[in-house]
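Presented below is the structure to which this report refers.
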Amino acid sequence: MCAAPIGLAPVLFPAVAQACAVCIGGAAGDRLTDAFNWSVLFLMAMPYTMLLSVAGFFFYSYRRAARKAGAEAAKTPVLNLAWTHKESGP
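Numbering-wise (numbering that gives the first Met the number 0), the sequence shown opens with residue 0 and increments by one.
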């Protein structure tokens, strides 16, 4: 009973039925249309920016750990010439 007037509202009032802000905006050079286009671009680019930031952090952490491990490996002697108490056991 109540759904019929709500369903007929777009037919009776077509100006209210236009929900797209870009469709209402008009010309391509209009400031409102340009603002909506830039906001859509920003919203589409944000997930990729966040993903690349997280991937960059992990890449940086991996490279830093590899560089640190390489520095530690360079400090260890290649050949031990003398036995120590630690190497011979308890």
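Note that the Cβ used here is the ideal one computed from N, Cα and C, for glycine as well.
Range covered by the alpha helix (DSSP H) that runs through residue 33
For this step, residue 33 is matched to residue 34 along the sequence shown. Taken as a continuous stretch (DSSP letters only), the alpha helix (DSSP H) holding residue 33 covers 30-74.
From the DSSP output, in three-state form, read off residue 11 for me.
Within the sequence shown, numbered from 1, the residue matching residue 11 stands at position 12. Three-state result, residue 11: helix.
From residue 36 to residue 49, what distance separates their C-alpha atoms?
Taking the first residue of the sequence shown as position 1, residue 36 is located at position 37. Taking the first residue of the sequence shown as position 1, residue 49 is located at position 50. So the two alpha carbons sit approximately 21 Å from each other.
Rounding to the nearest angstrom, what Cα-Cα distance links residue 64 and residue 57 in this structure?
For this step, residue 64 is matched to residue 65 along the sequence shown. For this step, residue 57 is matched to residue 58 along the sequence shown. Distance between the alpha carbons of residue 64 and residue 57: 10 Å.
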